[in-house]
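Chemist: Just so we're aligned, residue 6 is where the sequence shown starts under the working numbering, counting upward by one.
Backbone N, C-alpha and C define an ideal beta-carbon position, used for all residues, glycine too.
These numbers were taken from a predicted model, which means no experiment stands behind them.
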Amino acid sequence: MLIVAIFYLIMLIGSVLFYIMFKDDFSFYVLTLVLTTPPILLISLILLRRKVSVSLSCAKQVCKFGSECPVFLKIKNTSLMPVSSLRITIGYKNLLDNIEHQMVITTPAHLANTDEIRLMLSSSYCGRIDVYIKKVRIYDFIKLFSMKIKPKAQQVSFLIYPKLEAVEPSVSYYSNPYSESDSFSKHKPGDDVSEIFGMHDYIPGDRINRIHWKASAKEDKLIVKDYSLPLGNNIAFFLCISQDDTQNSNAAIEKYSIAMSALASVSISLCENEISHTIFVNTENGYDTFSVSKNEELTSLLSDCLSGRLLSGNPFRAYEEYLSGCEISASCRYSHCVLLCDSSSPELQKAVTLGYNQQRQTIISVGDISDIGFTLPENTNIYSVRENMVSVLSEITM
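Spelled out as structure tokens, the structure:
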């Protein structure tokens with residue numbers, strides 16, 4: 006615009022000098038044209054400004070990790086005059102790091118038409134992406150004047166889901182001595198003797214103590230009882246990744262993304278096996294708990310976890326507070342506590358030591374576990390998912 010203004014000023018001075026030197030009709034018309042051009046452009050710009058609207062829309066609310074999510078920039082011009090130039094500044098950021106990125110789009114707006122520009126956005130890690138219009142300026146035909154336009158739909162968001170792996174961890178249908186369940190699986194047998202799931206003909210290898218003698222005598226063949234599988238909530242996951250002031254922000258978020266991938270992959274597998282579980286997540290004021298038994302509940306949890314900045318402080322705060330609650334009331338205990346964390350965290354030793362009296366502890370580390378610097382309690386196992394996540398998670402017994 007500055008170059009155009011300077012060029013117009015030169016033309017204005019030149020046309021005035023031309024009129025002074027050559028006082029005829031042509032020089033007068035030239036001077037009149039130069040003098041009337043700015044007000045005509047300004048009036049037309051004011052009229053166009055009221056007829057042009059800009060908005061954002063997003064076709065998908067959830068996108069797969071590693072894929073691009075389409076966001077549509079809609080430009081509507083209801084006037085009978087075209088717009089030569091619109092300058093639109095788009096901002097977008099992943100809420101985990103809250104670092105803003107920008108793109109500038111310069112485009113015309115055709116008369117009496119609606120144009121749509123497709124923007125393909127992605128992120129190197131999971132999280133909620135906010136896309137918003139920072140500013141819109143409309144220019145006249147020679148870019149001498151410009152005005153701001155207030156966008157209609159100024160912001161859209163979409164969730165980049167953690168990378169999901171097809172894992173099948175072994176499930177130990179052990180009982181929780183601290184809790185009872187009144188609901189049982191309708192599809193899978195288990196070891197709970199309080200309910201009978203069904204019966205089948207004896208197969209070599211079946212336990213003798215499971216033979217139903219009355220049914221066997223009635224059918225004149227050996228009939229074996231299948232006990233029921235309780236759907237009690239005996240497994241707890243603790244998301245123990247936080248922003249350490251001593252490490253690079255991107256490194257912490259990358260570890261968090263790996264942890265979320267492991268958590269989501271295992272959780273989906275448990276849901277498919279009708280195994281309810283609880284997930285503990287740190288918050289600024291303590292921690293939140295989420296009971297998960299189906300994929301829809303997991304999606305809601307991930308949306309909450311990925312919709313804010315990665316917190317700093319003790320990553321094991323939720324686990325330590327849970328253990329403190331267990332000392333007061335044993336009924337809140339879980340049979341298996343799974344910690345998704347970075348094994349290099351200095352707070353890890355204290356956390357697993359406090360959990361020595363838990364039935365089982367499993368550490369799923371997003372970092373190197375070759376040298377953790379202390380001896381693990383007998384009830385604790387540790388695995389690293391930084392490499393070969395699928396094979397490692399499939400080896401773990403939940």
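(1) Verify whether the separation of the beta carbon atoms of Val271 and Val172 is less than 8 Å.
(2) Can you list, in chain order, the residues of its chain whose CB lies under 7 Å from that of Ser76, leaving out five sequence neighbours each side?
(3) What residue range is occupied by the uninterrupted alpha helix (DSSP H) comprising Tyr34?
(4) Taking the beta carbon of Ser375 as the centre, do at least 16 other beta carbons fall within 10 Å, making it buried, or is it exposed?
(5) Closer than 8 Å is the cut-off here; do at least three beta carbon pairs connect the region 375-385 with the region 278-295?
(6) Any chance you could list the beta strand (DSSP E) runs of at least 3 consecutive residues sitting entirely within the region 73-152, in chain order?
(7) I need the straight-line Cα distance from Asp293 to Gly132, nearest angstrom please.
(8) Report the residue ranges of all alpha helix (DSSP H) runs contained in full by the region 294-374; include only those spanning at least 4 residues, in chain order.
(9) Between the region 364-372 and the region 340-348, do three or more beta carbon pairs fall short of 8 Å?
(10) If you reduce the DSSP assignment to three classes, tell me which class Ala222 lands in.
(11) Where does Tyr183 sit, in a helix, a strand or coil, going by DSSP?
(12) Between the Cα of Lys226 and those of Ile240, Tyr207 and Ala264, spot the shortest distance and give me the residue it belongs to.
(13) For Met6, is the classification buried or exposed, using 16 other Cβ atoms within 10 angstroms of its Cβ as the cut-off for buried?
(14) Does the region 52-60 come close enough to the region 80-98 to have 3 or more Cβ pairs within less than 8 Å?
(15) According to DSSP, is Lys230 helix, strand or coil?
(16) With a CB to CB cut of under 6 Å and the five nearest residues on each side skipped, what residues in its chain are close to Ile377?
(17) Please check the pair Leu38 and Tyr24, which I expect to be a contact at CB under 8 Å, by giving their CB distance rounded to whole angstroms.
(18) Quick check on Asn255: does DSSP put it in helix, strand or coil?
(19) Identify the continuous alpha helix (DSSP H) that holds Tyr13 and give its terminal residues.
(20) Exposed or buried, which one is Ala1 when buried takes at least 16 other CB atoms within 10 Å?
(21) Hey, out of Glu352, Asn239 and Ser129, whose CA is closest to Tyr261's CA?
(22) Which residue's Cα is closest to the Cα of Lys153: Ile387, Val141, Asp145 and Phe146?
(23) Quick one: using the 10 Å Cβ neighbour count with 16 as the cut-off for buried, is Phe31 buried or exposed?
(24) What is the DSSP secondary structure of Met394, reduced to helix, strand or coil?
(25) Measuring alpha carbon to alpha carbon, tell me which residue in Thr42, Val176 and Phe27 is nearest Leu17.
(26) Establish whether the CB of Ser127 and some CB of chain D are separated by less than 8 Å.
(27) Taking 8 Å as the threshold (C-beta atoms), are Asn287 and Leu316 in contact?
(28) When DSSP builds the beta bridges, which residues end up paired with Leu61?
(29) How about Met403 and His341: are their beta carbons less than 8 Å apart?
(30) Is DSSP giving Asn239 helix, strand or coil here?
(31) Compare the C-alpha of Thr94 against each of Val59, Phe70, Lys81 and Glu224 and name the closest.
Modeler: Looking at the atomic coordinates:
(1) Counting from one through the sequence shown, the residue named residue 271 turns up at place 266. Counting from one through the sequence shown, the residue named residue 172 turns up at place 167. Contact: yes.
(2) Here the question's residue 76 lines up with position 71 in the sequence shown. Position check: residue 76 holds Val in this sequence, whereas Ser was assumed. Cβ neighbours of Val76 within its own chain (closer than 7 Å, five residues either side excluded): Leu61, Cys63, Leu124, Leu126, Val136 and Val161.
(3) Walking along the sequence shown from the start, residue 34 turns up at place 29. Counted as a single uninterrupted DSSP element, the alpha helix (DSSP H) harbouring Tyr34 occupies residues Asp30 to Arg54.
(4) The count along the sequence shown starts at 1 and reaches residue 375 at position 370. Exposed is the call here.
(5) Contact between the region 375-385 and the region 278-295 is absent: fewer than 3 CB-CB pairs across the two stretches fall below 8 Å.
(6) The qualifying runs are 74-82, 88-99, 106-114, 118-126 and 132-144.
(7) Locating residue 293 in the sequence shown gives position 288, counting from the first residue. Locating residue 132 in the sequence shown gives position 127, counting from the first residue. Straight through space, the alpha carbons of Gly132 and Asp293 are spaced by roughly 18 Å.
(8) Every alpha helix (DSSP H) of 4 residues or more that sits fully in the region 294-374 is shown, in chain order, as 300-310, 322-333 and 353-359.
(9) A contact exists between the region 364-372 and the region 340-348.
(10) Numbered from its first residue, the sequence shown carries residue 222 at position 217. In the three-state DSSP reduction, Ala222 falls in the helix class (H, G or I).
(11) The residue you call residue 183 lines up with position 178 of the sequence shown. The predicted model places Tyr183 with a pLDDT of 44, which falls under 50 and marks its position as unreliable; any figure quoted below should be read in that light. Correct three-state label for Tyr183: coil.
(12) Counting from 1 along the sequence shown, the entry for residue 226 is found at position 221. When each option's Cα is compared against that of Lys226, the closest is Tyr207.
(13) By one-based count along the sequence shown, residue 6 stands at place 1. Counting Cβ neighbours within 10 Å, Met6 comes out exposed, since fewer than 16 surround it.
(14) The region 52-60 vs the region 80-98: in contact.
(15) For this step, residue 230 is matched to residue 225 along the sequence shown. Secondary structure at Lys230: strand, using DSSP grouped into helix, strand and coil.
(16) Numbered from 1 along the sequence shown, position 372 holds the residue referred to as residue 377. Its chain contains Ser348 as the residues whose beta carbon lies nearer than 6 Å to that of Ile377, once the 5 sequence neighbours on both sides are disregarded; these appear in chain order.
(17) By 1-based counting over the sequence shown, the position of residue 38 is 33. By 1-based counting over the sequence shown, the position of residue 24 is 19. Rounded to whole angstroms, the Cβ separation of Leu38 and Tyr24 is 11 Å, and the two are not in contact under 8 Å.
(18) Your numbering for residue 255 matches position 250 in the sequence shown. The answer is helix: DSSP assigns Asn255 an H, G or I state.
(19) For the purposes of this step, residue 13 is identified with residue 8 of the sequence shown, where counting begins at 1. Boundaries of the alpha helix (DSSP H) harbouring Tyr13: Leu7 to Met26, taken from the DSSP string.
(20) Because the chain in this structure spans residues 6 to 403, residue 1 falls outside the shown range and cannot be described.
(21) Within the sequence shown, residue 261 is the residue found at index 256, counting from 1. Answer by Cα proximity: Ser129.
(22) Looking up residue 153 in the sequence shown gives position 148. Minimum Cα distance to Lys153 is reached at Val141.
(23) In the sequence shown, the residue the question calls residue 31 occupies position 26. For Phe31, the number of other beta carbons within 10 angstroms of its own is below 16, and it is reported as exposed.
(24) Here residue 394 refers to the residue found at position 389 of the sequence shown. Reduced to three states, the DSSP call for Met394 is helix.
(25) Taking the sequence shown and counting its residues from 1, the one referred to as residue 17 is at position 12. When only C-alpha atoms are compared, the closest one is Thr42.
(26) Reference to chain D is not applicable here, since this structure consists of a single protein chain.
(27) Here residue 316 is taken as the residue at index 311 of the sequence shown, counted from 1. Here residue 287 is taken as the residue at index 282 of the sequence shown, counted from 1. Leu316 places its beta carbon less than 8 Å from that of Asn287.
(28) Here the question's residue 61 lines up with position 56 in the sequence shown. DSSP lists Leu78 as the beta-bridge partner residues of Leu61.
(29) Start at 1 with the first residue of the sequence shown, and residue 403 comes out as number 398. Start at 1 with the first residue of the sequence shown, and residue 341 comes out as number 336. Taking the C-beta atoms as reference points, His341 is found nearer than 8 Å to Met403.
(30) Here residue 239 is taken as the residue at index 234 of the sequence shown, counted from 1. It is coil, neither helix nor strand.
(31) Taking the first residue of the sequence shown as position 1, residue 94 is located at position 89. The shortest C-alpha separation from Thr94 is found at Val59.
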